[in-house]
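Numbering (the working numbering), first residue to last: 42 to 342. Ideal Cβ placement from N, Cα and C applies to all residues, glycine included. Here the structure is a predicted model, which means the values were calculated and not measured.
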């Protein structure tokens, strides 16, 4: 995110002013520089342009490129399209980014919103603004066929002396593993889900963790004779509470008006027949509705 610094320039010439501008706006995206110059907010700019740029990480069913149609789709982009229409924005343009680089990319102005099914966590709340959640979901594991190490939870992996776990870069599963006592040396980080699935298949790791819908989607594309979902699976209990993730959109911290506009549009839309029909193809049902949860409460504010 652009950092504004108070700079007092007394009797400075044109060259000094130009140099100060370089320092002041270092790291800003072109649209942010334009917004600073015109005084436009991100919401005002995207309404004027009729287009919003969306950061996503190609993780089905949350956000991914449908290569047959060349269309950004998934639960998050489709819900965002629906709510953006209510504020006069028709075009959603995807910017493919590794999951772990989404928040830095947003703050640097590479895109306007993260629509990737990102969980609301207190740590992330220190860096970005979240919308109220659009879904809630539990966890799952991919293991080799027959589950040879009998892994059915994070606790099982922690107790086993040699079991290794794969997680996606930047995802909450890395934190879950650490809190459940799995040594860092036995956690392997992958840039995205398919590479983690392949690592299980070839025996590089013993399990790969993700949300239940991520795991379901990965397994629909996998060779069924080599890998499977760990059944049953027990969600982790951390700090006395059963872990359940709440996914939402992310905005820069100075884009409160945009976050408020999206929250207003989500209110009344989530759980409606239109919403359920929109997300059903991605495996979302009424069980995944977030209920009365809010970003404020989940951020611990």
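Which listed residue (338, 298 and 293) has its alpha carbon closest to that of residue 149: With distances taken between Cα atoms, residue 149 lies closest to 293.
As assigned by DSSP and simplified to three states, the class of residue 252: Strand.
Bounding residues of the alpha helix (DSSP H) (the contiguous stretch that carries residue 236): Membership of residue 236 in the alpha helix (DSSP H) is indicated by the continuous run 234-242.
For residue 155, the first and last residue of its enclosing beta strand (DSSP E): Element bounds for residue 155: 154-160.
Span of the alpha helix (DSSP H) around residue 93: Counting along the chain, no alpha helix (DSSP H) covers residue 93; the unbroken beta strand (DSSP E) around it starts and ends at 92-97.
Spatial distance of residue 334 from residue 231 (CA atoms): Their backbone Cα atoms lie some 30 Å apart in a straight line.
Cβ distance (whole Å) where residue 285 is taken to contact residue 178 below 8 Å: Right, the Cβ-Cβ distance comes to about 7 Å (below 8 Å), so this counts as a contact.
Per DSSP, the bridge partner or partners of residue 291: Partner(s): 155 and 171.
For residue 305, the nearest candidate out of 95, 133 and 126 (CA to CA): Closest option to residue 305, judged by alpha-carbon separation, among 95, 133 and 126: 126.
Bounding residues of the alpha helix (DSSP H) (the contiguous stretch that carries residue 320): Residue 320 -> alpha helix (DSSP H) spans 314-320.
Per-residue burial, residue 113 [other beta carbons within 10 Å of its own, 16 or more giving buried]: Classification for residue 113: buried.
Under 7 Å between C-beta atoms of residue 195 and residue 277: Cβ distance < 7 Å, so residue 195 and residue 277 count as in contact.
Opposing strand residues paired with residue 82 [DSSP bridges]: Bridge partners of residue 82: none, in fact.
Residue 338 beta carbon near the ligand GDP (any heavy atom closer than 6 Å): The ligand GDP is not part of this structure, which contains no ligands at all.
At least three beta-carbon pairs within less than 8 Å, the region 182-193 to the region 244-257: Proximity of the region 182-193 to the region 244-257 meets the contact definition, three or more beta-carbon pairs being nearer than 8 Å.
Neighbourhood of residue 63 by C-beta, 7 Å cutoff - its chain only, sequence neighbours within 5 removed: Low per-residue confidence applies at residue 63: pLDDT is 35, beneath 50, and the placement is therefore not dependable, though the value from the model is reported in the following sentence. The answer is none, since no qualifying residue turns up.
Buried or exposed (CB count within 10 angstroms, at least 16 for buried), residue 336: In summary, residue 336 is buried, with 16 or more beta-carbon neighbours lying within 10 Å of its beta-carbon over all protein chains present.
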